[in-house]
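In our numbering, the protein residues as written are 1 to 721.
Even glycine gets a Cβ: it sits at the ideal position worked out from N, Cα and C.
Only a predicted model underlies this, so the values are computations on that prediction, with no experimental measurement involved.
Let me begin by presenting the structure, written as structure tokens, before commenting on it.
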Amino acid sequence: MSSAVSASPCPGCIPATLVSEHVAKKIKSNLRFSVPTVHCAACIAKIEQGLLAVPGIRDARVNLSLKRLGVQADDSISETQIAEHLNALGFAAYPLDQEALGTDTDPEGRALLLRLAVAGFAMMNVMLLSVAVWSGATDATRDLFHLISATIAVPVVAFSGQPFFKSAWTALRHRRLNMDVPISLAIVLAVGMSLFESRQSGAHAYFDAALSLTFFLLIGKFLEHKTRGAARSAARELSALEVHRASVLIDGQAVSRAVSELAVGDHILVPSGMRVPVDGDLLSPTAQMDRSFLTGESEEIEVLAGAALQAGEVNLGGPLTLRATAVGEDTTLRRVAAMVELAETGRNSYTSLAARAAQVYAPVVHLLALLAFLGWLAASHDVRMSLNIAVAVLIITCPCALGLAVPAVSTGAIGKLFSTGLLVRHATALERLAEVDLAVFDKTGTLTRPGFDVTTSGLSAVEQSILLGLAQASDHPVSKAIAGTLGPQMKAAALEQIEEIKGAGVQAYFGGERVQLGRADWLGADFSGTGLRIGGSRVRKIETTETLRDGAKTAVAALQKAGIPVHILTGDRREAAVDIAHQLGVRDIQASVRAEAKLERLKDLEKQGYKVLMVGDGLNDTAALAGAHASMAPSSALDASRNAADIVMLRQDLASIPLALAVARSTVKLSRQNFAIAAGYNMIAIPIALAGFATPLLAALAMSTSSVTVLANAMRVRFVK
């Protein structure tokens, strides 16, 4: 029996059904839980303070951005006990397998930032030495400054330029060109010419130019990395959410085994409130299952003996027994994970604007530099001067501005969207979102608010207080919804002899009369759903409905006005889907659709020529989110669904979806403008370099000017409405 849950400061604090995945297992290290209903600082404080008060728990930390909880506990408390405490605090919790999940560190980002810092520091110091040379230092003094500059520049370029050198070498090994090939060549030649000039006591060296190139290009590389820094594999998240131990019935005795050891034909016991570990056929006479985790169905489903159960379903009734029909890679969860992984591969093959520009730009740059060298060599027979001009051409045409064109705009757009509650998680998300011409929405938890709205206006105050007392004694989703509705308004009645009957309802005594809350057929009513009986009076129906999420009507209307058709694709019943579609003015509806069918439907639309935006929140949406041309998920979505989406809506409002489309289209427009700026700069600068009027140093300064111009233009995306 659960205690009453106090009013919460945000929607995420509303109690939700706990699904504990593991049998009791003694621990001595860090545990990780997914806590998808955490939404604010008050939630964090409630969880951390509540768990720290439990003997045996040494530390508890919530990561709000990842919606994860880390717990340090000694061997006096089990994982299941921690899960029960979280349930008592009013938060859904899904234990995560840390080995499958891996770590959340970002070594690539730290390495890029370190290289950027080293290049910037070295560039400033070498420029100070260059000022002395420009000011008139000659002979031994000039040679000394060149030597010091070389001592600083050579190791720094070798260290900081590694991302470009490795990328260029990989491309050349596969007999192709990319943007990093001319970049690497320009840097290497600038350093090589500078070393040659220093050894010959030449008047000029260009170590500062080489470092400037490296520094500005690393800015672009780091900005690009930040646009995809939040992305994690949804397939890995699904693996972390799997059940890892189960109870197998052997000669009538329950024996705990690792799920990996289960075989087809095993009889498996699934306790009340636990998730089904493998696919199987029900052996028990009946069972009450929560399939919202998999299908989006908003109400519990009663199934009979012989019915097929899928891994991931939650047992809401009494303990049940099933016969395993699919284990390991053949279970529903694993098949969905495989579909997600395949879909993500397709997404990652999308060719970005920068990559498309590099395919044309890189060969042209090399050809111009080669022609400049050969032309001046034929005209002057001076290898040193010809090589200097070729280096100047390479530097002045170096695609630094092109390298910044997309990342700079994307980073500005990501900042703009984040300020409005939208988190962009994939490098090419905005480019793909700008191409969308059809939107597909899941219903339950996406177009509608998570959970139910309960109508109790027909009940008296006494009846409502009895109803609240019964609801607080149950962990059923409908009971939780009732408690969440009535709890902040009144005090629960003092009930006696409270008893929860799994799969049926709750009963107790009040004033000597028996009071009951549960399934209508259990109460003997002639309607379906949930009912309340007080004493011998007739059963009163408790109306539960779904309510549109804030901004749903605004978002759908704006999309339709922009010429983007809207479809609803849901795993819920058709009657529920039609009602929501009618409220939104949507005509295209498909209901009772499973995960595989959702992905197939998106593929069919793609074959028809559509570029689809998928918006969903459940496990059955995960593969579709990963496979769609672009995708979005609310922050209340399952971890795996959020991680499969391109954009996460941090606020419980859909009205920002049209803004995301507007910003995405503006991002592509400004990126193309940046390409035009870079091209215009090259049209002016290249003839000057080819004519021999630009030294490598002047070329580096011109290149820096074009980069700053591109960055300034990129900031215009922040003013999009």
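To the nearest whole angstrom, what separates the beta carbons of Ile534 and Glu513, a pair I think is in contact under 8 Å?
That pair is a contact at about 6 Å.
Can you give, in chain order, each stretch of the alpha helix (DSSP H) that sits fully within the region 180-211 and has at least 4 residues?
Counting only runs of 4 or more, we get 180-199.
When DSSP labels each residue in this structure, what does His146 get in the three-state scheme?
The answer is helix: DSSP assigns His146 an H, G or I state.
Which residue's Cα is closest to the Cα of Val768: Ala369, Val327 and Phe222?
No information on residue 768 is available, as it lies outside the stretch 1 to 721 that the chain covers here.
Check the C-beta distance from Ala150 over to Ser198 and give it rounded, since I have them as a contact under 8 Å.
Yes, they are in contact, since the Cβ atoms of Ala150 and Ser198 sit about 6 Å apart, within 8 Å.
In angstroms with no decimal places, state the Cα-to-Cα distance between Leu309 and Ala93.
C-alpha separation (whole angstroms): 22 Å.
Is the CB-CB distance between Asp442 and Tyr610 below 7 Å?
Contact: no.
May I ask you to list the residues that DSSP assigns as paired with Gly70?
BP columns for Gly70 point to Arg32 and Arg61.
Can you give me the start and stop residues for the alpha helix (DSSP H) that Asp579 sits inside?
Asp579 -> alpha helix (DSSP H) spans Arg574 to Leu584.
Taking the alpha helix (DSSP H) that Ala111 falls in, what are its first and last residues?
Segment Pro107 to Trp134, the alpha helix (DSSP H) holding Ala111.
Are the CB atoms of Thr325 and Asp453 within a distance shorter than 7 Å?
No; because the gap between Cβ atoms is not below 7 Å, this pair is not in contact.
In the structure shown, what three-state DSSP assignment does Gln652 receive?
Residue state, collapsed to three classes: coil.
Between Ala508, Arg574, Leu467 and Ala558, which lies nearest to Gly531 when the distance is taken from Cα to Cα?
Ranking the options by Cα distance to Gly531, first place goes to Leu467.
Below 6 Å CB to CB, which residues in the same chain sit around Gln590 once its five sequence neighbours on both sides are set aside?
Contacts found: Leu569.
Quick one: grab the DSSP three-state call for Asp646.
Correct three-state label for Asp646: coil.
Excluding sequence positions up to five away, which residues of its chain have a Cβ less than 8 Å from the Cβ of Arg717?
A small correction: the amino acid at residue 717 is Val; Arg does not occupy that position in the sequence shown. Taken in chain order, the residues that qualify are Val409, Gly412, Ala413, Lys416, Val663, Ser666, Thr667 and Leu670.
Exposed or buried, what is Val612 when buried is set at 16 or more other beta-carbons lying within 10 Å of its beta-carbon?
Buried, since its Cβ has 16 or more Cβ neighbours within 10 Å.
Do you know offhand how far Ala378's Cα is from Ile395's?
Those two C-alpha atoms are separated by around 22 Å.
What is the DSSP secondary structure of Asp621, counted as helix, strand or coil?
Three-state result, Asp621: helix.
Would you list the one or two residues that DSSP bridges to Glu499?
According to DSSP, which records beta bridges pairwise, Glu499 is partnered with Gln507.
Distance check for Leu31 and Met123, CA to CA, integer angstroms please.
So the two alpha carbons sit approximately 45 Å from each other.
Looking at the structure shown, is Glu302 part of a helix, part of a strand, or coil, going by DSSP?
Note: Glu302 maps to strand in three-state DSSP.
In chain order, what residues of the same chain have a beta carbon less than 6 Å from the beta carbon of Ser284, not counting five sequence neighbours either side?
Excluding sequence neighbours, Ser284 sits near Leu320 and Thr321.
Drop a sphere of 10 angstroms on the beta-carbon of Ala24, count the other beta-carbons inside from all chains shown, and report buried for 16 or more, exposed for fewer.
Bear in mind that a pLDDT of 41 at Ala24, under 50, signals an unreliable position, so the model cannot answer this.
For Ile389, report the span of its beta strand (DSSP E) as first-last.
Ile389 -> not in any beta strand (DSSP E); alpha helix (DSSP H) instead, spanning Val383 to Ile396.
What's the C-alpha gap between Ala520 and Arg538?
One C-alpha to the other measures close to 11 Å.
For Arg601, report the span of its alpha helix (DSSP H) as first-last.
Looking at the DSSP string, the run of the alpha helix (DSSP H) that includes Arg601 is Ala595 to Lys607.
So is Asn348 buried or exposed if we call it buried at 16+ other beta carbons inside 10 Å?
Here the model assigns Asn348 a pLDDT of 46, short of 50, so the residue's position is not dependable, and the following value carries that caveat. Exposed.
Which partner residues of Met614 appear in the DSSP bridge assignment?
Partner(s): Val440 and Ser631.
Which residues in the same chain as Leu116 place their Cβ atom closer than 6 Å to its Cβ, once the five residues preceding and following it in sequence are excluded?
Only Leu218 and Phe222 meet the Cβ criterion.
Using beta-carbon positions only, say whether Leu659 and Gly421 come within less than 7 Å of one another.
Taking 7 Å as the Cβ cut-off, Leu659 and Gly421 do not qualify as a contacting pair.
Could you pull the start and end residues of the beta strand (DSSP E) that Gln516 belongs to?
From DSSP, the beta strand (DSSP E) with Gln516 extends over Glu513 to Arg519.
Have a look at Lys46 and Ala552 and give me their C-alpha separation to the nearest angstrom.
Taking the straight line joining both Cα atoms gives about 30 Å.
Nearest to Arg291 by alpha carbon, out of Pro277, Pro271, Gly312 and Asp279?
Among Pro277, Pro271, Gly312 and Asp279, the Cα nearest to that of Arg291 belongs to Gly312.
Provide the residue(s) that pair with Ser247 in DSSP beta bridges, ordered along the chain.
According to DSSP, which records beta bridges pairwise, Ser247 is partnered with Ser256 and Leu269.
Inspect the CB distances between the region 158-173 and the region 127-136 and report whether three or more fall short of 8 Å.
Short answer: they don't touch.
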